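By the UniProt record's numbering, the letter at position 110 of the sequence shown is numbered 110, and the numbering carries on one by one without gaps. Built from N, CA and C at the ideal position, the CB exists for glycine as well. Given the structure is predicted, the values throughout are model-derived calculations rather than measurements.
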Amino acid sequence: MASHFVRWTGNPPLSSETMRVPQDVINSAQRLPDKRRGRFLAARGLLAQLMLRVYGINELPPLVTTSSGRPCFADSALPDFSIAYAGNMVGVLLAEEGGRAGLDMEIVRAHSRQTQDTLTQDLSSGEKAWINAQQDFMEAVTQIWTLRQSILKLTGEAESGIDSLRLHPAAGRLRSSIFPDIQAVCDAEPTLVWSCALSPGTERLRLWEIDANHQWMPLRDVEISKPNIGPRTLRLTSLPSERTTPQEMGHL
């Protein structure tokens, strides 16, 4: 098995016949504002399509929401997944069975320099040093931010866990005082930065894109354990032996 990451602009939208989501999901969407409704349905339709493609499940299984606001399948035997949005694009990351997933996507240069400076304030010295060593400051900040968000989605901490996480991009390592067994892959494309955080046992990440004709286009397979997986791709890993206390985290 492999983990799967698929993205789609959501236009044109899926028809009700091909969306493959139950009526109660559609009814829930009707209570949302127009923009949120479109994203909500696009994400769940995309997840349903991915479950059909990978597992042959014809309709989206029931979902529940965790205390942190993270959606997941009601049946714990089904795989973990994560949803992200960037501009008019929606993405879904489906983990291997028994694994966990966290996905984030960001449009490069979508934020002002002032906003990006704000994003760097709470970063570690190692993260700031890596950013300053890159040729494209804004792209580098976006990569670090996207990596952080994907990992915090995997752990379920969201913004409350920002101080529990330190990245060491120059060394290809990360440390979380809450969830010490994680790996993350982040790639910077011309207009999009994406990051997939996964359980350490995941060896392959399959990338897909759905085009305007609703055709699945394979982008590439990422062999996560390989040392060189792309010129602008970052892979960070942590090991159980690297457990740290919150006090130690402050010195990283």
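With 16 as the cutoff for other CB atoms within 10 Å, does residue i come out buried or exposed?
i           : result
His214      : exposed
Gly250      : Because Gly250 carries a pLDDT of 44, less than 50, the predicted location of this residue cannot be relied on, and the following value inherits that uncertainty. Exposed.
Val21       : buried
Val90       : buried
Val64       : exposed
residue 260 : The structure shown does not extend to residue 260, since the chain spans only 1 to 252, so no value can be given for it.
Gly45       : buried
Pro33       : exposed
Met51       : buried
Ser150      : buried
Glu157      : buried
Lys153      : buried
Trp216      : exposed
Asp104      : buried
Ser67       : exposed
Gly102      : buried
Gln183      : buried
Between which residues of its own chain and residue i is the CB-CB distance below 8 Å, once the five residues before and five after are set aside?
i      : result
Leu252 : Residue placement at Leu252 is flagged as unreliable, the pLDDT there being 45, under the threshold of 50; the coordinate-derived value follows with that caveat. Same-chain partners within the cutoff: Ser124, Gly126, Arg166, His168, Arg175 and Thr244.
Pro246 : Low per-residue confidence applies at Pro246: pLDDT is 43, beneath 50, and the placement is therefore not dependable, though the value from the model is reported in the following sentence. Asp163, Ser164 and Ser177, listed in sequence order.
Ala2   : Glu96, Thr202, Glu203, Arg204, Leu205, Arg206 and Asp221
Pro218 : Arg206, Leu207 and Trp208
Ile229 : Val185, Val222, Glu223 and Arg235
Arg37  : Ala29 and Gln30
Leaving aside the five residues before and after residue i along the sequence, list all residues of the same chain whose C-beta is less than 7 Å from its C-beta, in chain order.
i      : result
Gly172 : Arg235, Leu236 and Thr237
Asn54  : Correcting the residue identity first, residue 54 is Val in this sequence and not Asn. Cβ within range, chain order: His4 and Leu94.
Glu242 : With a pLDDT of only 44 at Glu242, under 50, the local geometry of the prediction cannot be trusted, and the value read off the model is given with reservation. So the qualifying residues of the chain are Arg175 and Pro180.
Arg39  : Tyr85 and Val90
Bridge partners of residue i, per DSSP?
i      : result
Pro218 : Trp208
Arg175 : Arg166
Ile107 : Leu192
Ile83  : Val92
Val141 : Beta-bridge pairing links Val141 to no other residue.
Arg235 : Val185
Ala74  : Bridge partners of Ala74: none, in fact.
Trp130 : Answer by DSSP bridge pairing: none, since Trp130 is not bridged.
Arg7   : Gly91 and Glu209
Leu147 : Looking at the DSSP assignment, Leu147 forms no beta bridge with any residue, so it has no partner.
Ala197 : Gly102 and Ala184
Tell me whether residue i counts as near the ligand PLP, meaning its Cβ is closer than 7 Å to at least one heavy atom of that ligand.
i      : result
Thr142 : Among the components of this structure there are no ligands whatsoever, and the ligand PLP is therefore not found.
Might you give, ordered along the chain, the residues of its own chain that have their beta carbon closer than 6 Å to the beta carbon of residue i, omitting 5 neighbours on each side?
i      : result
Trp145 : Leu119
Ala48  : Arg20, Val21 and Leu60
Thr233 : Asp187
Ala42  : Gly10 and Val90
Glu106 : Ala86, Thr142, Thr146 and Val193
Ser199 : Gly99 and Arg100
Ser82  : Leu93, Ala101, Gly102, Leu103 and Lys153
Val6   : Leu50, Val92 and Trp208
Ala170 : Trp130
Between which two residues does the alpha helix (DSSP H) containing residue i stretch?
i      : result
Thr18  : Ser16 to Met19
Arg39  : Asp34 to Tyr55
Ser225 : Looking at the DSSP string, Ser225 is not in any alpha helix (DSSP H), and its letter there is neither H nor E.
Ser28  : Gln23 to Ala29
For the beta strand (DSSP E) holding residue i, just list the boundary residues, first then last.
i      : result
Leu63  : Leu63 to Thr65
Arg100 : No beta strand (DSSP E) holds Arg100; DSSP gives it neither H nor E.
**Asked** Should the region 189 to 196 be called in touch with the region 136 to 153, which here means at least 3 C-beta pairs below 8 Å?
**Response** Yes, the region 189 to 196 is in contact with the region 136 to 153.
**Message:** Does the region 216 to 231 come into contact with the region 22 to 33, if we say contact requires no fewer than three beta-carbon pairs (one atom in each stretch) closer than 8 Å?
**Reply:** Contact fails: fewer than three Cβ-Cβ distances are below 8 Å.
**Asked** Between the region 99 to 113 and the region 11 to 21, do at least 3 Cβ pairs fall closer than 8 Å?
**Response** Verdict: no, contact absent.
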